[in-house]
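Enquirer: Right, I'll just put the structure down here and ask away after.
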Amino acid sequence: MTFRRVWTGAPLVATLLLAACGGGPDAPRKADEQRRAALQAAIADNPGDIARRVALARVAIRLGDGVGAEAAVKGAIGAGANDAALRPLLARAYAMQGEDARALEALEVGPVIPEMMGEAAWVAGDVHLANGDLAAAREAYDRAVHELPRSSTLWVDVARFRDAGADTLGARDAVDYAIELDKTNSAALAFKANLVRGAEGLEASLGWYADALAADPDNADALIDQAATLGDLGRYRDMLTALRHAATIVPRDPRLYYLQAVLAARAGNFRLARSLLQRTRGELDAQPSFMLLSAVVELELGGEAVAATWADRLLAEQPHNFNARRILAAAEWADGDAGAAREALLPLVRRPDADSWSLILAARAAAELGRSMESADYLGRAAALSPGEAVPFAVDDDYGLIAMAADAAPLDPAKVIPAIAADLASGNSARAIGRAVRLRDANRGVADAHILLGDAALAGGRFGLAVEAYRAARAIDAGERTTLRLGNALYRAGDAAGSGAAILALRDSQPSSIAADRLAGHLAMDLEHWDQAIGHFGRVRRRIGDRDVVVLRELARAWAAKGDDARALLLIDRAYRLQPLNAGIMEFYATLLDKRGRKQAAADLREKAAQIGR
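Here it is, written out as structure tokens:
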């Protein structure tokens, strides 16, 4: 898109520039509301006051009132203002109302004065970003930054653009510059908090949210993101306080209902959770987290068909979302469709690290379909609690074509990633690593590029390179996906202490991480720190229920080690009911029964275990 320039000497130009393109740094909401009221009163007394109408439009934009901004701009044009000067503001008003095509049309329909070229490009960048056209957004933002290099608010949008393109380091640089330009920019501070949350953990982000709200106590986005963070930390009272404040500013924001639904679901009140989700009126239906929560809630309330629909929709967006697969399988099984349940579980049970719950349900589904050998295999793997045999990569018949496409476009992830998988499948790990290195070198600010190299190196047995790559990824994104990979690579490289430190760091920074709690629990068991193990595994159990035999078994072992055999017996009994063919569970169960004086029951279990082992 290009914008035609037109020079003008009208006094309105100076007025527009003094008003600060883009609305300037966030002003406290109440001050803007007072200013809007004062401007409206002044315009009522003098309808021909163009400068005040333009100022009113900017205040409306800062308040998020696209309709009011549109009315103010059109009022200024109607009073004789130069539409070439105000066209970018009108486009901004349209974009705020979700009328993206109309916004772009407003920018292209006529010339734009030179002083407003930066804002015109800025609006175009925002529209293209909202539509997912990152190439067009990049071009527009480059023009905007060239025209407005010291606009703090613009640099926040540049940071959002870079983050949308997975350039985390670039996003950090942009938002840090925005804060350097204006340390009271609440939007910049809030976005910095979001980046810190991903890179350093939940606790580390809270100080930035506090700074954002100190700059503007009525920053609704900051309040809602802060509330979500507090909820993940288990600080539910503080979460509700933030939500209540946000509700006074944006009472109909669907995120408020979603976060309250999360709270209700965690408390086991699924009917309330469903009611709250329905109050979002479909505005969040495309969000993965919303789909997952909706599937869970519907499954808990007996709406298997609806739960399956939500899980299917999520898998269409995220094919590797294993929680969605488990929910889909459970919903299909509960609805009597064993074939669909088995189909949903296949990507899980074919993995070497398949969990026991998925294996057991897959076994039941296979048995229902008359696949007795398959059912026995799943039951055997579940009973042994072993990882099973690794499933080999499937070598694509079109390997040559895939490799040629990647060679022709070595920096295109869509072509390179399938080629890396094909290289690994054919045993050419050196070539796979080479491709990953080139992609990483071109995208050093992108965590996924480092992760891809780490995955290729790990598959090729180059543990040192994998550790290096995962550490680089973790410096950008310290979440589960990077830290768990790093912990695994360190362990396989022989650094058990480093692996444990990485997992515990994840547990400290992301208290809501089930995987971190699970692994930290195993570390505590190895060190015979029974209370810590009980704490970690207890949190996992509260989150997922009694469906994981390993969690139940380890809790039983820890309580028994502390001398509480009665509690240990209840836990191992639940584990046994989940996996009645697990010899190890039977042996431990028998030992506890012996200690409680139930000799015959213990002997029967040992005999059964011995028969399985023959």
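Numbering (mature numbering (1 follows the signal peptide of the UniProt record, and there is no 0)), first residue to last: -19 to -1, 1 to 595. We put the CB at the ideal spot given by N, CA and C, even for glycine.
(1) On the three-pair Cβ rule with 8 Å, is the segment 195 to 202 touching the segment 467 to 487?
(2) Rounded to the nearest angstrom, what separates R466 and E100 at their Cα positions?
(3) Can you find the residues in the same chain that come closer than 6 Å, C-beta to C-beta, to P492, ignoring five residues on each side of it along the sequence?
(4) Look at the alpha carbon of G59 and the alpha carbon of A53, and state the distance between them as a whole number of angstroms.
(5) What are the start and end residues of the alpha helix (DSSP H) that includes M97?
(6) Look at the Cβ atom of R10, then the Cβ atom of L37, and state whether they are nearer than 9 Å.
(7) Pull up the distance between the alpha-carbon of A32 and that of Q78, whole angstroms please.
(8) With distances taken Cα to Cα, identify the nearest neighbour of E128 among M97, K543 and G56.
(9) Using 8 Å for Cβ pairs, my map puts V278 next to A246. What's the rounded Cβ distance?
(10) Quick one: Cα of V529 to Cα of A556, how far?
(11) Do the CB positions of A384 and A403 come within less than 9 Å of each other?
(12) Which of the three DSSP states, helix, strand or coil, is assigned to M(-19)?
(13) Relative to the C-alpha of Q259, which residue among L244, N250, S270 and S275 is closest?
(14) If you count every other CB in all the chains shown that lies within 10 Å of the CB of C2, and 16 or more means buried, which is it?
(15) Does D507 pass the burial test, meaning 16 or more other C-beta atoms within 10 Å, or should it be called exposed?
(16) Could you tell me if D123 is buried or exposed, where buried requires 16 or more neighbouring beta carbons within 10 angstroms of its beta carbon?
(17) Return the chain-ordered list of same chain residues with a C-beta closer than 6 Å to the C-beta of L586, the five sequence neighbours on each side being excluded.
(18) Can L574 and A583 be called in contact, C-beta distance under 9 Å?
(19) Our contact map puts W189 next to K173 with C-beta atoms below 8 Å; I'd like the distance itself, whole angstroms only.
(20) If I follow the unbroken alpha helix (DSSP H) through P28, where does it start and stop?
(21) Please state the DSSP three-state secondary structure of Q299.
(22) If we count the other Cβ atoms within 10 Å of its Cβ and call it buried at 16 or more, is A591 buried or exposed?
(23) Check this for me: beta carbons of A547 and W511, under 9 Å apart or not?
(24) Going by DSSP in three states, T290 sits in which element: helix, strand or coil?
(25) For G578, I'd like the list of residues in its chain whose CB is within less than 7 Å of its CB, leaving aside the five on either flank, ordered along the chain.
(26) At what residues does the alpha helix (DSSP H) containing R579 begin and finish?
(27) Take R178 and list the residues in its own chain whose beta-carbon comes closer than 7 Å to its own, dropping the five residues that flank it on each side.
(28) Could you compute how far the alpha carbon of H226 sits from the alpha carbon of A191?
(29) For G502, which of V243, G516 and L562 has the nearest alpha-carbon?
(30) What distance in whole Å lies between the Cβ atoms of L295 and L273, which are believed to be in contact at a cut-off of 8 Å?
(31) Assign K543 to one of three DSSP states: helix, strand, or coil.
(32) Where V156 and L280 are concerned, what is the direct C-alpha to C-alpha distance, given to the nearest angstrom?
(33) What's the C-alpha gap between L88 and A76?
(34) Return yes when the Cβ of L135 is within less than 9 Å of the Cβ of W103, no when it is not.
(35) Start and end of the alpha helix (DSSP H) containing residue 601?
(36) Whole angstroms are fine: how far does the CA of A74 sit from the CA of A19?
Expert: According to the structure shown:
(1) no
(2) Working through the sequence shown from its first residue, we reach residue 466 at position 485. Working through the sequence shown from its first residue, we reach residue 100 at position 119. Computed Cα separation, rounded: 43 Å.
(3) Here residue 492 is taken as the residue at index 511 of the sequence shown, counted from 1. Scanning its chain for C-beta atoms nearer than 6 Å, with the 5 sequence neighbours on each side dropped, one finds around P492 the residues L214, in chain order.
(4) The residue labelled residue 59 in the question sits at position 78 within the sequence shown. The residue labelled residue 53 in the question sits at position 72 within the sequence shown. Distance between the alpha carbons of G59 and A53: 10 Å.
(5) The residue you call residue 97 lines up with position 116 of the sequence shown. That residue, M97, is in no alpha helix (DSSP H); it is neither H nor E in DSSP.
(6) Counting from one through the sequence shown, the residue named residue 10 turns up at place 29. Counting from one through the sequence shown, the residue named residue 37 turns up at place 56. Cβ atoms of R10 and L37: not closer than 9 Å.
(7) Residue numbering aside, residue 32 sits at position 51 when the sequence shown is read from its first letter. Residue numbering aside, residue 78 sits at position 97 when the sequence shown is read from its first letter. A32 and Q78: Cα-Cα distance of roughly 24 Å.
(8) Here residue 128 corresponds to residue number 147 of the sequence shown, with the count starting at 1. Nearest option by C-alpha distance: M97.
(9) Locating residue 278 in the sequence shown gives position 297, counting from the first residue. Locating residue 246 in the sequence shown gives position 265, counting from the first residue. Indeed, because the Cβ distance is near 6 Å, the residues count as touching under 8 Å.
(10) Numbered from its first residue, the sequence shown carries residue 529 at position 548. Numbered from its first residue, the sequence shown carries residue 556 at position 575. According to the sequence provided, residue 529 is Asp. The question's Val does not apply to it. Distance between the alpha carbons of D529 and A556 is about 8 Å.
(11) Here residue 384 refers to the residue found at position 403 of the sequence shown. Here residue 403 refers to the residue found at position 422 of the sequence shown. Contact: yes.
(12) Position 1 of the sequence shown, counted from the first residue, corresponds to residue -19. Reliability fails at M(-19), whose pLDDT of 41 lies under 50, so the model's placement of it is uncertain and no value is given.
(13) Counting from 1 along the sequence shown, the entry for residue 259 is found at position 278. When only C-alpha atoms are compared, the closest one is S275.
(14) Stepping through the sequence shown from its first residue, residue 2 is reached at position 21. Reliability of the predicted coordinates at C2 is poor, the pLDDT of 43 falling under 50, and the value obtained from them is presented with this limitation in mind. Around the C-beta of C2, 16 or more other C-beta atoms lie within 10 Å, and the residue is accordingly described as buried.
(15) Along the sequence shown, read from residue 1 onward, the residue named residue 507 stands at position 526. Exposed: under 16 other Cβ atoms inside 10 Å.
(16) Translated into positions along the sequence shown, residue 123 becomes position 142. It counts as exposed.
(17) Within the sequence shown, the letter at position 605 stands for residue 586. Apart from sequence neighbours up to five positions away, the residues of its chain that approach L586 with a beta-carbon distance below 6 Å are M567, Y570 and A571, ordered along the chain.
(18) Taking the sequence shown and counting its residues from 1, the one referred to as residue 574 is at position 593. Taking the sequence shown and counting its residues from 1, the one referred to as residue 583 is at position 602. Contact flag set, yes.
(19) Here the question's residue 189 lines up with position 208 in the sequence shown. Here the question's residue 173 lines up with position 192 in the sequence shown. Rounded, the Cβ-Cβ distance is 5 Å, consistent with contact.
(20) Counting from one through the sequence shown, the residue named residue 28 turns up at place 47. First-last for P28: undefined, no H or E at that position.
(21) Position 318 of the sequence shown holds residue 299. Coil, per DSSP.
(22) Numbered from 1 along the sequence shown, position 610 holds the residue referred to as residue 591. With fewer than 16 Cβ atoms within 10 Å of its Cβ, A591 is classed as exposed.
(23) Stepping through the sequence shown from its first residue, residue 547 is reached at position 566. Stepping through the sequence shown from its first residue, residue 511 is reached at position 530. Cβ distance not < 9 Å, so A547 and W511 don't count as in contact.
(24) Taking the sequence shown and counting its residues from 1, one reaches residue 290 at position 309. In this structure, T290 counts as helix in the three-state DSSP scheme.
(25) Here residue 578 is taken as the residue at index 597 of the sequence shown, counted from 1. Counting only Cβ-Cβ distances below 7 Å, and skipping sequence neighbours, we find nothing.
(26) Here the question's residue 579 lines up with position 598 in the sequence shown. No alpha helix (DSSP H) holds R579; DSSP gives it neither H nor E.
(27) The residue labelled residue 178 in the question sits at position 197 within the sequence shown. Only S186 and T210 meet the Cβ criterion.
(28) Counting from one through the sequence shown, the residue named residue 226 turns up at place 245. Counting from one through the sequence shown, the residue named residue 191 turns up at place 210. Approximately 14 Å between the Cα atoms of the pair.
(29) Residue numbering aside, residue 502 sits at position 521 when the sequence shown is read from its first letter. Closest option to G502, Cα to Cα, is G516.
(30) Your numbering for residue 273 matches position 292 in the sequence shown. Your numbering for residue 295 matches position 314 in the sequence shown. Rounded, the Cβ-Cβ distance is 6 Å, consistent with contact.
(31) As a working mapping, residue 543 is identified with position 562 in the sequence shown. Reduced to three states, the DSSP call for K543 is coil.
(32) Indexing the sequence shown from 1 puts residue 156 at position 175. Indexing the sequence shown from 1 puts residue 280 at position 299. Looking at the two C-alpha atoms, the distance is approximately 41 Å.
(33) Along the sequence shown, read from residue 1 onward, the residue named residue 88 stands at position 107. Along the sequence shown, read from residue 1 onward, the residue named residue 76 stands at position 95. Going by the C-alpha atoms only, they are around 11 Å apart.
(34) The residue labelled residue 103 in the question sits at position 122 within the sequence shown. The residue labelled residue 135 in the question sits at position 154 within the sequence shown. It is a contact, given that the beta carbons lie within the stated cut-off.
(35) The shown model of the chain, from -19 to 595, leaves out residue 601, and the question about it has no answer.
(36) Start at 1 with the first residue of the sequence shown, and residue 19 comes out as number 38. Start at 1 with the first residue of the sequence shown, and residue 74 comes out as number 93. So the alpha carbons of these two residues sit roughly 21 Å apart.
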